[in-house]
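Engineer: For reference, the structure I am asking about is given below.
Numbering (our numbering), first residue to last: 15 to 256.
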């Protein structure tokens, strides 16, 4: 292969690898944000379960306070029942006692309902606490793994960038400028030619041009996309043993 063409191919491979590494490194903060969102969402569910449980417990205490007041009122009415002088007053007091007892039964039903609700919410809160702790542990593990991966990618990026710069320094200035110009326009400045076409823009090459390209002894650009072309022989397929 033409030495300058070989350098350009090497340069393109370094550029491609650097872009891959930098792209992967740029994904790490996004993954961190996703983990933060998942943890915040689960924290929200846990907080909601705890708040619902606290509300049920508060409501039960409120109804228990009302029940005590009603029971005190019933006791007071029963005490007054012995002091009434007429049948009319006696009947009226019985009616008051009956009304209070209905209210007492109503509060007892409400207390029972809140107790059942609290029992369900207690189980739900415990499940949410377990889920949150598991997610929190996974968050820490994955966060540490992401941090370690980011540091490794930074080192790899620095290594590949240094390799790219070293290769670029060996490329003649005119070819380096050509490489940079095409890269700005097309993203990749060098492309493989195989199956009679440029493998990036898929332009069919003239037969003679493709034959000449196979020698890899000249700097040739694709007529369609201007990328620098080189030929890479196909990897032979090894037949499996029967």
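All residues carry an ideal CB built from backbone N, CA and C; glycine is no exception.
I'd like to know whether the C-beta atoms of residue 232 and residue 206 end up nearer to each other than 7 Å.
Structural biologist: One-based indexing of the chain shown puts residue 232 at position 218. One-based indexing of the chain shown puts residue 206 at position 192. No.
Engineer: I need the DSSP call for residue 140, collapsed to helix, strand or coil.
Structural biologist: Stepping through the chain shown from its first residue, residue 140 is reached at position 126. Helix at residue 140.
Engineer: What residue ranges within the segment 146-227 form continuous alpha helix (DSSP H) runs of no fewer than 4 residues, ordered along the chain?
Structural biologist: 187-200 and 221-227, all fully within the segment 146-227.
Engineer: Using DSSP bridges, identify the partner residues of residue 244.
Structural biologist: By 1-based counting over the chain shown, the position of residue 244 is 230. Per DSSP, 206.
Engineer: Rounded to whole angstroms, what's the CA-CA distance from residue 84 to residue 98? Just pull it up for me.
Structural biologist: For the purposes of this step, residue 84 is taken as the residue at position 70 of the chain shown. For the purposes of this step, residue 98 is taken as the residue at position 84 of the chain shown. Spanning the two alpha carbons is a distance of roughly 21 Å.
Engineer: Residue 98 by DSSP, collapsed to three states: which one?
Structural biologist: Stepping through the chain shown from its first residue, residue 98 is reached at position 84. In the structure shown, residue 98 sits in coil (DSSP, three-state: anything other than H, G, I, E or B).
Engineer: For residue 25, which residues in the same chain have their Cβ closer than 7 Å to its Cβ, ignoring the five residues on either side in sequence?
Structural biologist: By 1-based counting over the chain shown, the position of residue 25 is 11. 178, 181, 182, 185 and 193.
Engineer: Compare the C-alpha of residue 159 against each of 17, 49, 18 and 21 and name the closest.
Structural biologist: Here residue 159 refers to the residue found at position 145 of the chain shown. Closest by alpha carbon: 49.
Engineer: Taking the alpha-carbon positions, what's the residue 21 to residue 152 distance?
Structural biologist: Taking the chain shown and counting its residues from 1, one reaches residue 21 at position 7. Taking the chain shown and counting its residues from 1, one reaches residue 152 at position 138. Each residue's Cα considered, the two are about 45 Å apart.
Engineer: Between the Cα of residue 203 and those of 240, 213, 187 and 173, spot the shortest distance and give me the residue it belongs to.
Structural biologist: Taking the first residue of the chain shown as position 1, residue 203 is located at position 189. Nearest of 240, 213, 187 and 173 to residue 203, Cα basis: 240.
Engineer: Taking one C-beta from the segment 113-124 and one from the segment 85-94 each time, how about it: are there three or more such pairs within less than 8 Å?
Structural biologist: As far as the Cβ criterion goes, the segment 113-124 touches the segment 85-94, which means the pair count is three or higher.
Engineer: Would residue 51 be called buried (16 or more neighbouring beta carbons within 10 Å of its own) or exposed?
Structural biologist: Locating residue 51 in the chain shown gives position 37, where the first residue counts as 1. Looking at its Cβ environment, which holds fewer than 16 other Cβ atoms inside 10 Å, residue 51 is exposed.
Engineer: Using a threshold of 7 Å, state whether the C-beta atoms of residue 236 and residue 223 are closer than that.
Structural biologist: Residue 236 sits at position 222 when you count from the first residue of the chain shown. Residue 223 sits at position 209 when you count from the first residue of the chain shown. No, Cβ-Cβ distance for residue 236 and residue 223 is not below 7 Å.
Engineer: State yes or no: is the C-beta of residue 189 within less than 7 Å of the C-beta of residue 39?
Structural biologist: Reading the chain shown from its first residue, position 175 is the one you call residue 189. Reading the chain shown from its first residue, position 25 is the one you call residue 39. Result no, Cβ atoms of residue 189 and residue 39 do not sit closer than 7 Å.
Engineer: Beta carbon of residue 33: closer than 6 Å to some heavy atom of the ligand MN?
Structural biologist: Looking for the ligand MN in the displayed structure turns up nothing, as the structure carries no ligands at all.
Engineer: Residues in its own chain within less than 6 Å of residue 146 by CB, not counting five upstream and five downstream?
Structural biologist: Against the chain shown, residue 146 aligns to sequence position 132. Once the five neighbours on either side are set aside, the close Cβ partners of residue 146 are 56 and 60.
Engineer: Any idea if residue 169 is buried or exposed, counting beta-carbon neighbours within 10 angstroms, 16 or more meaning buried?
Structural biologist: Along the chain shown, one-based indexing puts residue 169 at 155. Exposed, by the Cβ-count rule.
Engineer: Given a threshold of 16 other Cβ atoms within 10 Å of its Cβ, counted over all protein chains shown, does residue 29 qualify as buried or as exposed?
Structural biologist: As a working note, residue 29 is residue 15 in the chain shown. Under this definition residue 29 is a buried residue.
Engineer: If you drop the 5 nearest sequence neighbours on each side, which residues of the same chain put their C-beta closer than 8 Å to that of residue 81?
Structural biologist: Sequence index remark: in the chain shown, residue 81 carries index 67 (1-based). These residues qualify, in order along the chain: 118, 121, 122 and 125.
Engineer: So is residue 139 buried or exposed if we call it buried at 16+ other beta carbons inside 10 Å?
Structural biologist: Taking the first residue of the chain shown as position 1, residue 139 is located at position 125. Buried, since its Cβ has 16 or more Cβ neighbours within 10 Å.
Engineer: Write down the C-beta distance between residue 132 and residue 74 rounded to the nearest angstrom, noting that I regard them as a contact closer than 8 Å.
Structural biologist: As a first step, residue 132 must be located in the chain shown, where it is residue number 118. As a first step, residue 74 must be located in the chain shown, where it is residue number 60. Confirmed, Cβ separation roughly 7 Å.
Engineer: Just to confirm, is the Cβ distance from residue 199 to residue 210 under 7 Å?
Structural biologist: Translated into positions along the chain shown, residue 199 becomes position 185. Translated into positions along the chain shown, residue 210 becomes position 196. In this structure, residue 210 does not lie closer than 7 Å to residue 199 by Cβ.
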